[in-house]
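Written out below as structure tokens is the structure these notes cover.
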Amino acid sequence: MTSQQNSIILNPSYCESLTEYKRRKTITVNIGDVPMGSDYPIRVQSMTTIDTMDTMGSVEQTIRMIESGCEYVRITAPSIKEAENLGNIRRELRLRGYTVPLVADIHFTPNAAELAARLVEKVRINPGNYADKKRFETIEYTDVTYQAELERIREKFIPLVKICKEYGTAMRIGTNHGSLSDRILSRYGDTPLGMVESALEFLRICEDMNYYNIVISMKASNTQVMVQAYRLLVQKLAEEGLKPYPLHLGVTEAGEAEDGRIKSAVGIGTLLEDGLGDTVRVSLTEAPELEAPVAQALIDRYTRRAENAKPIKPITINHTETLLNPYQYFRRHTHEVVNFGGQNVPRVIADFSQVSDVQMEDLKSIGHFYLPLLDKWKMNDLGADYIYAGKQPIPFMIANGSRQILDATTWQAIDDKLNTYPLFNGLDYLQATEKHPMLNFVTLTYKEWQPEFIQLLKTDTTIVLWIKTENAHAMAALRRLFFFLLEEKITCPVVLRRDYQENEENTLLYASTDAGGLLIDGLGDGILLGTEKTYLTSKEDLLKKLSFLNQTAFGILQAARTRMSKTEYISCPSCGRTLFDLQDVTAMIRKRTDHLKGIKIGIMGCIVNGPGEMADADYGYVGSGVGKITLYRGQNVVKKNVPSDKALDELIELIREDGRWNEVEAIEA
0 MTSQQNSIIL NPSYCESLTE YKRRKTITVN IGDVPMGSDY PIRVQSMTTI
50 DTMDTMGSVE QTIRMIESGC EYVRITAPSI KEAENLGNIR RELRLRGYTV
100 PLVADIHFTP NAAELAARLV EKVRINPGNY ADKKRFETIE YTDVTYQAEL
150 ERIREKFIPL VKICKEYGTA MRIGTNHGSL SDRILSRYGD TPLGMVESAL
200 EFLRICEDMN YYNIVISMKA SNTQVMVQAY RLLVQKLAEE GLKPYPLHLG
250 VTEAGEAEDG RIKSAVGIGT LLEDGLGDTV RVSLTEAPEL EAPVAQALID
300 RYTRRAENAK PIKPITINHT ETLLNPYQYF RRHTHEVVNF GGQNVPRVIA
350 DFSQVSDVQM EDLKSIGHFY LPLLDKWKMN DLGADYIYAG KQPIPFMIAN
400 GSRQILDATT WQAIDDKLNT YPLFNGLDYL QATEKHPMLN FVTLTYKEWQ
450 PEFIQLLKTD TTIVLWIKTE NAHAMAALRR LFFFLLEEKI TCPVVLRRDY
500 QENEENTLLY ASTDAGGLLI DGLGDGILLG TEKTYLTSKE DLLKKLSFLN
550 QTAFGILQAA RTRMSKTEYI SCPSCGRTLF DLQDVTAMIR KRTDHLKGIK
600 IGIMGCIVNG PGEMADADYG YVGSGVGKIT LYRGQNVVKK NVPSDKALDE
650 LIELIREDGR WNEVEAIEA
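Heads up: the sequence shown begins at 0 in numbering that gives the first Met the number 0, then just goes up one per residue.
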């Protein structure tokens with residue numbers, strides 16, 4: 000790795016501060032009567048799923064979206080006829096008293112964009128396919144031929160810019176990771192830098208023409224790529240002296256239900272934590288009116304963040320031989336302690352410290368199943384690696400693949416100390432006379448960091464730190480602890496502990512942000528979502544919460560791309576171009592394939608969101624006509640126009656051919 004890759008960014012140009020919540024300052028973009036930028040609240044938006052030619056259906060759905068919290072509504076306009084009908088939709092909304100700004104979603108058609116820009120408040124173009132080429136071809140460009148392509152694009156793009164200036168129409172230059180043009184891929188590769196350059200090429204044209212009413216996005220279904228691209232974009236804008244444009248945040252094709260929410264929060268929340276983002280769209284494979292409340296819940300967390308957060312010591316590190324680069328993923332270097340750190344995947348710890356009278360069947364909640372007939376344990380792919388039992392040792396032998404953790408005072412009183420591990424408070428560990436010879440967990444908060452820990456952590460190779468915080472600015476406080484470790488070149492593994500008293504929806508979003516944001520930067524070797532100070536009184540309710548927290552922990556690791564434990568579905572949120580019911584089809588595919596650990600399946604409603612948008616998928620199921628499906632292996636077409644009633648069987652057969660299919664293994668307790 001280069002020294003730049005190894006260096007901590009002390010005053011990163013992608014955000015105002017790594018320790019204090021400060022929203023990035025941007026210019027104001029006027030979009031109808033709902034301006035966007037840092038002088039205004041972070042806005043909520045979504046996209047209709049009704050056929051744009053269905054005027055009344057589009058109007059009714061738009062109203063439902065407004066009532067759910069949408070401040071902007073995007074509508075697809077793939078051709079001239081849909082662009083024309085945007086005017087009818089807008090007029091009907093105005094007649095009914097709704098003034099929500101409308102956004103025309105354009106992909107391939109400049110003349111549709113030029114018409115839409117005269118009718119609605121904003122147009123969104125994708126630089127990867129607006130006047131550019133996407134044929135999955137590798138082309139060698141010289142500087143001369145590359146510049147010639149830019150001139151061709153400029154000629155195609157300038158008319159739209161002129162119209163937007165004349166009509167006061169805003170524009171979003173929205174790069175998607177999966178639809179980078181062949182030209183960009185040939186020069187920059189499939190990288191965050193390629194995404195950024197794709198947008199900057201169009202942005203430079205706009206600035207040459209003194210047009211600045213622009214919002215920018217860097218969407219990807221891979222959360223690491225998405226976060227890195229947005230950060231790099233902000234850095235490049237500052238480096239080139241371009242204006243600080245507002246950012247539209249979104250994880251594209253996030254999926255459905257809990258997985259879609261976790262993935263969205265990992266990507267969007269990580270950026271919001273550092274003050275980036277001026278509008279949010281959560282892309283779920285659900286009705287669009289269900290997206291706005293999720294976006295609002297993510298945004299609301301930052302309304303009073305600056306005043307509620309406790310001060311965190313600024314980062315002032317005097318050397319640069321450490322391991323953090325905000326624009327590229329590198330996992331923090333750690334030494335191995337039992338199965339933490341080193342090359343091990345991050346571990347999941349389940350918190351049973353509040354559960355009384357633990358029985359074998361109680362462990363079903365964390366993926367451990369006792370089989371009485373065989374007198375053995377079976378763990379599924381979401382089986383917790385460790386069980387924290389606190390002051391109450393589990394009264395039976397647990398699964399071989401899992402281990403027990405006890406509070407240090409309880410551990411010291413039991414007979415079998417070798418196969419159970421102690422948890423010490425940080426200060427107590429300094430004076431402890433009895434410790435485990437292989438693994439000792441030591442809790443530490445930001446406030447408890449003491450100089451006397453430094454030498455201990457450098458020399459005691461049995462310690463796994465267990466870090467937590469009560470600070471409202473939680474991710475930054477935990478990140479600050481990692482910087483202490485990086486500064487002192489301490490390589491012990493670290494478990495992230497967070498406790499939440501919120502409802503399940505908010506717990507899901509907050510945990511995904513706090514832990515996911517650190518994991519995306521390669522920080523963290525384990526995760527524990529706890530029940531400390533729980534308000535639950537019944538054992539049944541507590542076990543339900545533990546099941547939810549365990550699944551959430553595994554979901555966060557998967558969304559952050561640090562541990563793949565289940566099938567991943569990259570499914571688009573639907574729009575007026577969709578050729579089948581995405582929710583029903585996704586549910587059908589999930590039912591047959593959700594046991595295929597680590598496989599990524601893209602489910603796209605049309606060819607626009609097909610091979611490009613599912614760039615990360617191993618297999619693709621894409622609508623290619625009414626009742627017709629095209630199947631992909633990666634980005635390559637394998638079978639075209641398969642009847643929809645046979646397409647899932649054909650997809651499964653394709654997975655079989657590749658040797659990646661396995662039958663569902665039943666677990667009978």
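Idealized CB from N, CA, C, for every residue including glycine.
Sequence-distant residues of the same chain with beta carbon closer than 8 Å to residue 591, five excluded per side: For the purposes of this step, residue 591 is taken as the residue at position 592 of the sequence shown. Same-chain partners within the cutoff: 647, 651.
Which of helix, strand or coil DSSP assigns to residue 597: In the sequence shown, residue 597 corresponds to position 598, counting from 1. In the structure shown, residue 597 sits in coil (DSSP, three-state: anything other than H, G, I, E or B).
Residues that DSSP places opposite residue 376 in a beta bridge: Along the sequence shown, one-based indexing puts residue 376 at 377. 369, per the DSSP bridge assignment.
Residue from 32, 18, 41, 19 whose Cα sits closest to the Cα of residue 25: Numbered from 1 along the sequence shown, position 26 holds the residue referred to as residue 25. Of the candidates 32, 18, 41, 19, the one whose C-alpha sits nearest the C-alpha of residue 25 is 41.
Length-filtered (3 minimum) beta strand (DSSP E) runs lying within the region 386-455: 402-406, 419-424, 439-444
Nearest-angstrom beta carbon gap, residue 521 and residue 328 [assumed within contact, 8 Å]: Along the sequence shown, one-based indexing puts residue 328 at 329. Along the sequence shown, one-based indexing puts residue 521 at 522. Yes, they are in contact, since the Cβ atoms of residue 328 and residue 521 sit about 6 Å apart, within 8 Å.
For residue 201, the three-state DSSP class (helix, strand or coil): Along the sequence shown, read from residue 1 onward, the residue named residue 201 stands at position 202. Residue state, collapsed to three classes: helix.
Between the CA atoms of residue 258 and residue 586 - distance to the nearest angstrom: Position 587 of the sequence shown, counting from 1, holds the residue named residue 586. Position 259 of the sequence shown, counting from 1, holds the residue named residue 258. One C-alpha to the other measures close to 13 Å.
Alpha carbon of residue 206 to alpha carbon of residue 637, nearest angstrom: Here the question's residue 206 lines up with position 207 in the sequence shown. Here the question's residue 637 lines up with position 638 in the sequence shown. Cα-Cα distance, rounded: 43 Å.
Nearest residue (CA-CA) to residue 332, options 325, 326, 341: As a first step, residue 332 is located in the sequence shown; it is residue number 333 there, counting from the start. With distances taken between Cα atoms, residue 332 lies closest to 341.
Cβ-Cβ separation, residue 617 to residue 220 (assumed contact under 8 Å), whole Å: Along the sequence shown, read from residue 1 onward, the residue named residue 220 stands at position 221. Along the sequence shown, read from residue 1 onward, the residue named residue 617 stands at position 618. Going by Cβ atoms, the distance from residue 220 to residue 617 rounds to 13 Å, so no, they are not a contact pair.
Residue nearest to residue 312 in terms of C-alpha spacing, selected from 447, 603, 323, 565: Counted from its first residue, the sequence shown places residue 312 at position 313. Here the closest residue by C-alpha is 447.
Nearest-angstrom Cα separation, counted from residue 628 out to residue 122: If you number the sequence shown from 1, residue 122 lands on position 123. If you number the sequence shown from 1, residue 628 lands on position 629. Cα-Cα distance, rounded: 30 Å.
Spatial neighbours of residue 516 in its chain, beta-carbon cut-off 6 Å, leaving aside the 5 residues before and after: Within the sequence shown, numbered from 1, the residue matching residue 516 stands at position 517. Cβ neighbours of residue 516 beyond the five flanking positions: 269, 272, 474.
Rounded straight-line distance, which links the Cα of residue 156 to that of residue 101: Taking the first residue of the sequence shown as position 1, residue 101 is located at position 102. Taking the first residue of the sequence shown as position 1, residue 156 is located at position 157. Approximately 21 Å between the Cα atoms of the pair.
8 Å Cβ cutoff met for residue 57 and residue 51: As a first step, residue 57 is located in the sequence shown; it is residue number 58 there, counting from the start. As a first step, residue 51 is located in the sequence shown; it is residue number 52 there, counting from the start. Taking 8 Å as the Cβ cut-off, residue 57 and residue 51 qualify as a contacting pair.
Residue 106 versus residue 78 - alpha carbon distance: By 1-based counting over the sequence shown, the position of residue 106 is 107. By 1-based counting over the sequence shown, the position of residue 78 is 79. Taking the straight line from one Cα to the other gives about 9 Å.
Three CB pairs or more closer than 8 Å across the region 376-389 and the region 346-357: yes
The beta strand (DSSP E) enclosing residue 217, as first and last residue numbers: Against the sequence shown, residue 217 aligns to sequence position 218. Its beta strand (DSSP E) spans residues 213-218.
Sequence-distant residues of the same chain with beta carbon closer than 8 Å to residue 149, five excluded per side: The sequence position of residue 149 within the sequence shown is 150, counting from 1. Here the set comprises 200.
N-terminal and C-terminal residue of the beta strand (DSSP E) that residue 44 is part of: As a working mapping, residue 44 is identified with position 45 in the sequence shown. Segment 42-46, the beta strand (DSSP E) holding residue 44.
8 Å Cβ cutoff met for residue 542 and residue 361: One-based indexing of the sequence shown puts residue 542 at position 543. One-based indexing of the sequence shown puts residue 361 at position 362. In this structure, residue 361 lies closer than 8 Å to residue 542 by Cβ.
C-beta atoms of residue 204 and residue 280 nearer than 8 Å: Taking the sequence shown and counting its residues from 1, one reaches residue 204 at position 205. Taking the sequence shown and counting its residues from 1, one reaches residue 280 at position 281. No, the Cβ-Cβ distance between residue 204 and residue 280 is not below 8 Å.
Candidates 403, 162, 181, 127: closest to residue 140 by CA position: On the sequence shown, position 141 is the one that residue 140 refers to. Answer by Cα proximity: 181.
Simplified DSSP state of residue 14, which is helix, strand or coil: For this step, residue 14 is matched to residue 15 along the sequence shown. Looking at residue 14 - three-state DSSP - the assignment turns out to be coil, as it is neither helix nor strand.
Sub-8 Å separation of residue 672 and residue 470 beta-carbons: This structure gives no information on residue 672, because the portion of the chain shown stretches from 0 to 668.
Distance between residue 604 and residue 669 (C-alpha atoms, nearest Å): In this structure the chain extends from 0 to 668, so residue 669 is not present and cannot be described.
For residue 348: DSSP bridge partner residues: Stepping through the sequence shown from its first residue, residue 348 is reached at position 349. In the DSSP output, where bridge partners are listed per residue, residue 348 has 385, 527.
Alpha-carbon spacing of residue 320 relative to residue 485, whole angstroms: Start at 1 with the first residue of the sequence shown, and residue 320 comes out as number 321. Start at 1 with the first residue of the sequence shown, and residue 485 comes out as number 486. Note that residue 320 scores a pLDDT of 46, beneath 50, so its modelled location is shaky and nothing firm can be said.
Cβ-Cβ distance between residue 12 and residue 233 below 8 Å: Reading the sequence shown from its first residue, position 13 is the one you call residue 12. Reading the sequence shown from its first residue, position 234 is the one you call residue 233. Going by C-beta atoms, residue 12 is nearer than 8 Å to residue 233.
Length of the line joining the Cα atoms of residue 179 and residue 215: Numbered from its first residue, the sequence shown carries residue 179 at position 180. Numbered from its first residue, the sequence shown carries residue 215 at position 216. In a straight line, the C-alpha of residue 179 is about 15 Å away from that of residue 215.
6 Å Cβ shell around residue 492 - same chain, five flanking residues per side excluded: Mapped onto the sequence shown, residue 492 falls at position 493. The answer, listed in chain order, is 333, 336, 339, 340, 463, 524.
Beta-bridge partners of residue 123, as assigned by DSSP: Along the sequence shown, read from residue 1 onward, the residue named residue 123 stands at position 124. The partner list for residue 123 (beta bridge, DSSP) reads 104, 171.
DSSP state of residue 177 mapped onto helix, strand, coil: Residue mapping note: residue 177 aligns to position 178 of the sequence shown, counting from 1. Helix, per DSSP.
Proximity winner among 410, 444, 453, 449, relative to residue 432 (alpha-carbon distances): Position 433 of the sequence shown, counted from the start, is the residue given in the question as residue 432. Of the candidates 410, 444, 453, 449, the one whose C-alpha sits nearest the C-alpha of residue 432 is 410.
Buried or exposed by the 16-neighbour rule on C-beta atoms within 10 Å, applied to residue 55: Here the question's residue 55 lines up with position 56 in the sequence shown. So residue 55 ends up on the exposed side.
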